[in-house]
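With the first letter of the sequence shown counted as 1, position 34 gets the number 34 in the UniProt record's numbering; the numbers rise by one all the way through. Even for Gly, the Cβ is constructed at its ideal location relative to N, Cα and C. Below is one structure; the comments refer to it alone.
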Amino acid sequence: QEKHVNLVHIESRKSKRRNSEFEIFVDCDSNREQLNEIFQLLNSHVSVVSVNPTEHFNVQEDDMENVPWFPKKIADLDKCANRVLMYGSDLDADHP
Numbered sequence: 001q002e003k004h005v006n007l008v009h010i011e012s013r014k015s016k017r018r019n020s021e022f023e024i025f026v027d028c029d030s031n032r033e034q035l036n037e038i039f040q041l042l043n044s045h046v047s048v049v050s051v052n053p054t055e056h057f058n059v060q061e062d063d064m065e066n067v068p069w070f071p072k073k074i075a076d077l078d079k080c081a082n083r084v085l086m087y088g089s090d091l092d093a094d095h096p
């Protein structure tokens with residue numbers, strides 16, 4: 001939290017290589033500088049840090065204008081809570 005890294009998903013399991021160790025998978029959303037800081041901190045606390053970058057999945061800002069907005073946090077739901085969604089011409093007004 002103090003490094004401003006958004007954790008998207010965390011998984012942990014016992015290591016298949018060594019019984020006394022755990023493997024922890026972390027999917028996070030941040031910039032490269034923040035990740036480098038996190039890697040340095042992790043290296044001082046754990047024995048192995050493996051990074052699988054997803055650089056080929058990065059999307060340019062210009063390409064994002066066609067992507068619909070989707071809430072990422074519970075607080076984001078407040079932005080759409082009072083909006084009325086129209087049913088469109090293909091649906092009846094009483095459609096559930």
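- Residue nearest to Leu7 within the set Arg13, Ser20, Phe25 is Phe25 (criterion: CA-CA distance).
- In this structure, the alpha-carbon of Asn82 lies about 44 Å from that of Val49.
- Asp78 carries a helical assignment under DSSP once its states are collapsed to helix, strand and coil.
- If you draw a straight line from the Cα of Val46 to the Cα of Asp92, it comes to about 59 Å.
- Counting along the chain, no alpha helix (DSSP H) covers Glu65, and no H or E run does either.
- Between Lys3 and Gln34, the C-beta gap is smaller than 8 Å, which places the two residues in contact.
- The beta carbon of Phe22 sits closer than 8 Å to the beta carbons of Ser12, Arg13, Lys14, Ser15 from its chain, once the five residues preceding and following it are set aside; these are given in chain order.
- Straight across, the Cα-Cα distance linking Trp69 with Ser20 is about 43 Å.
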